[in-house]
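K.L.:
Here you go, one structure.
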Amino acid sequence: MKIFKSKKKKSYLRNIRQKKNKITSYIIRILIILAIFLSPVFYDSTKGNTDFLKTLNTYIYNINKNFGTIVNDIVTNFLPPDENISSNLTVHFIDVGQGDAELIQVNGKNFLIDTGGPEYRENLLNYLDSLNIKKIDVFLITHPHADHMGSAQSILERYRVDKVYMTNYVHTTELYKNFLLTVKEKGIKVIQARRGVTIDLGENADVKILAPDRKYTNMNSSSAVVKLVYGKTSFLFAGDATKETEKDILENEENNLRYLKVDVYKVAHHGSDTSSGSDFLNAIRPELSIVTVGKDNIYKLPNKAVVKRLKKINSIILTTRDNGTIKVFSDGKNISYQLKNGSIVKLYK
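So for the sequence shown, the UniProt record's numbering puts the first residue at 1; every next one is plus one.
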């Protein structure tokens, strides 16, 4: 998928048109050569065979009719990418079943948001190891539910972690207490995740926490909501934030609602109807929405009402349940995403 910002769209499309013209020229030359060499063969083999000629004419007509599509497919899927386009940022929406885990890689830094539940510990660690991860520069836990921090302890034990960001919501589980104890023992710096806090990921990568901005009685409502802007592209990671959280974000940004518009949205609370309200979706209007959800989950997520609301704003919807780990790439201008079969899907905006 490629998402184009208006100022950059013309130059890229100009390159596409030039490539199409070149390919069209090459194909026409090949067809002419084939016609010259094969016409005697067709003529000799089809004398009096009107059925064959009709079939051949139909075949040629269909090729001509779909010629533009054929050329476009060649440009899109087989030509190397434009030399001016590279993927400098990668976001991994890691498949951890009914849980959340996102890894952002940019400027040589690793930013991990959540870990999924303890039952998917090996899946997460094996995936991170496959990327040769040795260090987590920033580790953010959106909130203390087990399906978001169930493997957090293992992250601290396996990798060098520079900074931990957490909300001030206090939990009483042993999982949570042991994590805090290990953080203290290792001397890792802990920063409160709250509205207005920024995270440094280097050049062209701006990270800002949009919520929480107050105390909530509901743990999901207290989730950290993170916006990442890389060049002209943007992502929103919403944890399990609820409509209550969304309402606060809209009120806090009421004088700058355009800032809330994003290209990619990690759908809040696994697609639950407690989240992703119409007003909020109309403000962020993501081109691509990714739901982190497990197979055969008892909650039957994503909720049909949420799916309907996302479709209403014409957002592409992908789930880790159906696609496994999803990788999204950005060069600061364009966005593409890769599915489990290795294909890179592009959208021309």
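Heads up, the beta-carbon is just placed ideally off N, CA and C, and yes, glycines get one too.
Apply the 10 Å Cβ neighbour rule to T167 and answer buried if 16 or more other Cβ atoms are within range, or exposed otherwise.
P.N.:
Under this definition T167 is a buried residue.
K.L.:
Going along the chain, which unbroken runs of the beta strand (DSSP E) with 3 or more residues stay wholly within the region 85 to 167?
P.N.:
If we require 3 residues or more, the beta strand (DSSP E) runs fully inside the region 85 to 167 come out as 89 to 93, 102 to 106, 109 to 113, 135 to 141 and 160 to 166.
K.L.:
Please look up how many angstroms separate the CB atoms of T142 and A224, rounded, as I've assumed it's under 8 Å.
P.N.:
5 Å
K.L.:
State the start and end residues of the unbroken alpha helix (DSSP H) segment that holds residue 352.
P.N.:
Given a span of 1 to 349 for the chain in the structure shown, any question on residue 352 remains unanswerable.
K.L.:
Which one of Q105, P144 and G150 has the shortest CA to CA distance from L128?
P.N.:
Q105
K.L.:
With distance defined between alpha-carbon atoms, name the residue in V91, K177 and G117 nearest to K227.
P.N.:
V91
K.L.:
Have a look at the DSSP bridge pairing and note the partners of D206.
P.N.:
Answer by DSSP bridge pairing, in chain order: D200 and V229.
K.L.:
Just to check my reading of the structure: V328 and I335 have Cβ atoms closer than 8 Å, yes? What is that Cβ distance to the nearest angstrom?
P.N.:
6 Å
K.L.:
Taking DSSP as the reference, what is the three-state secondary structure of Y337?
P.N.:
strand
K.L.:
Which same chain residues end up closer than 6 Å to I188 when comparing Cβ atoms and leaving out the 5 residues on each side of it in sequence?
P.N.:
V161 and V164
K.L.:
Is the region 195 to 210 close to the region 103 to 120, with three or more CB pairs under 8 Å?
P.N.:
With the cut-off at 8 Å, the region 195 to 210 and the region 103 to 120 touch.
K.L.:
So S289 and S315 are supposed to be a Cβ contact under 8 Å. How far apart are they, rounded?
P.N.:
5 Å
K.L.:
On the DSSP bridge list, what partners appear for I316?
P.N.:
L288
K.L.:
What do you get for L124, buried or exposed, if any count of 16 or more other CB atoms within 10 angstroms of its CB means buried?
P.N.:
buried
K.L.:
Within 10 Å of its beta-carbon, does L181 have 16 or more other beta-carbons around it, so buried, or fewer, so exposed?
P.N.:
exposed
K.L.:
Below 7 Å CB to CB, which residues in the same chain sit around D213 once its five sequence neighbours on both sides are set aside?
P.N.:
R194, R195, D248 and N252
K.L.:
Under the three-state reduction of DSSP, which class applies to K243: helix, strand or coil?
P.N.:
Of the three classes helix, strand and coil, the one that applies to K243 here is helix, per DSSP.
K.L.:
For I94, count neighbouring C-beta atoms within 10 Å of its own C-beta (all shown protein chains included) and say buried if the count is 16 or more, exposed if not.
P.N.:
buried
K.L.:
Is DSSP giving Y216 helix, strand or coil here?
P.N.:
coil
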